[in-house]
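Below is one structure; the comments refer to it alone.
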Amino acid sequence: MTELKNDRYLRALLRQPVDMTPVWMMRQAGRYLPEYKATRAEAGDFMSLCRNAELACEVTLQPLRRYPLDAAILFSDILTIPDAMGLGLSFGAGEGPRFARPVTCKADVDRIPVPDPEDELRYVMDAVRTIRRELKGDVPLIGFSGSPWTLATYMVEGSGSKAFTVIKKMMYTEPQTLHALLEKLAQSVILYLNAQIRAGAQSVMIFDTWGGVLTGQDYQQFSLDYMHKIVDGLLRENDGRRVPVTLFTKGGGQWLEAMAATGCDALGLDWSTDIADARRRVGDKVALQGNMDPSVLYAPAARIEQEVAAILAGFGHGEGHVFNLGHGIHQDIPPEHPGAFVDAVHRLSVPYHR
Ligand code: 1CP
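Residue numbers -18 to 335, in the numbering used here, belong to the letters of the sequence shown in order.
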């Protein structure tokens, strides 16, 4: 087993005792950091940055040099899988992702390959191996993937979306086509995350960013069932250590019991769910990660501290909390503010672990 100098994050996910609440931030590497912008400019564009293991490692480590975060997250994107499936991914300047060849029918689904993670996605595994080497056991490395449903929204819509009418039309007119796509994505995600674990990811997180746009019944059938399949297919131990799995459905606060029943170790919460209530509902089964509104980071340090204190008090005394934002950090947050946030979590959480 490789020695870890700080394993608070892994211990909290397994609901084991810690000295203080661990904290990391969703999208902690990114454009709010001037050093990220410089490295991205050096790489040329976003996907070139993801494909260069040394530069991807550099931007992964940048937030850890500024703040005493308790985990690093692989710098990559959820859209690497659809890209490896041949859909032609591009990021326009200042725009979101776009696919040149979106999935429109069953024949498109049948043509799509399940990517070999050590071939088409080898650059991701190389980044994981490089980051693990450079972290030198300081903190654990988180690997991640999108959920099948969330990946499918981009693949069928052809870009980001607000109303998801194209994929919902497919869902209600050709459900079997969508199920065939989701099945292929679930198989791809299992291979991809297991390869990240073998390459050195010490926990994995599944981002279901768009599960919350579904009805309860559709969420179960078109998103959760496939995440359940993934949890069943993942390596749960590597290098003599349990590899915790976190599920995060943005807007999924009403489905926590069903999510916890998948056998995952932890649930990510966005800020619309009360963490005290979430703990009462599922806290004996899973750890909870979250859930400060990322916009609080616009506020001065005293206001950030107030919000951190309220969330810590909401979770209460005892184990099983990883502090985080309820979604990704905004791109125009002043870079000093996350410092106040991380410090407040560490300092104010000590009494809750005595
Ligand atoms: O530099 C740039 O302009 C590119 C912006 C960017 C970045 C920094 C994109 C494009 N992806 C990323 C990195 C990224 N994406 C990480 C990095 C690790 C970290 O430091 O935290 C992670 C975990 C993701 C995951 C991701 N990509 C998600 C799930 C998490 C979430 O925020 O909901 C989603 C939905 C994406 C799609 C995506 N990729 C990029 C953008 C701008 C988007 C969102 C598009 C949309 O709004 O639909």
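Backbone N, C-alpha and C define an ideal beta-carbon position, used for all residues, glycine too.
- Message: For Ala34 and Asp107, which I take to be in contact (beta-carbon distance under 8 Å), what is that distance rounded to the nearest angstrom?
- Response: 4 Å
- Item | Closest Cα partner of Leu45 within the set Asn(-13), Asp0 and Leu68 | Asn(-13)
- Item | Residue ranges of each alpha helix (DSSP H) within the segment 110 to 162, 4 or longer | 129 to 138 and 146 to 154
- Query: Going by alpha carbons, who is nearest to Arg364 out of Leu68, Phe80, Leu36 and Phe145?
  - Reply: In the structure as shown, the chain starts at -18 and stops at 335, and residue 364 therefore has no counterpart that could be examined.
- In or out: Cys31 buried (at least 16 other Cβ within 10 Å) or exposed? buried
- Within the segment -5 to 20, ranges of the alpha helix (DSSP H) (whole runs, at least 4 residues): none
- Is there contact here, the segment 236 to 244 with the segment 258 to 269, by at least three beta-carbon pairs under 8 Å? yes
- Local conformation of Val226 per DSSP, three classes: strand
- Among residues of its own chain, excluding the 5 on either side of Leu36, which ones have a beta-carbon nearer than 6 Å to its beta-carbon? Thr20, Ala24 and Leu30
- So, is Val331 buried or exposed, given that buried needs 16 or more other C-beta atoms within 10 angstroms? exposed
- Message: Only counting the same chain, and skipping five residues up and downstream in sequence, which positions put a Cβ closer than 7 Å to that of Val224?
- Response: Ile178, Gln183, Ser184, Val185, Leu216, Arg217 and Glu218
- Message: Just to confirm before moving on: does the CB-CB distance between Ser57 and Phe125 stay below 9 Å?
- Response: yes
- Span of the beta strand (DSSP E), counted from its first residue to its last, around Ser253: Per DSSP, Ser253 belongs to no beta strand (DSSP E) and is neither H nor E.
- Using 8 Å as the cut-off, classify the Cβ of Thr111 as near or not near the heavy atoms of the ligand 1CP, replying yes or no. no
- How close, in whole Å, do the beta carbons of Asp246 and Ala268 come, if the pair is a contact with beta carbons under 8 Å? 6 Å
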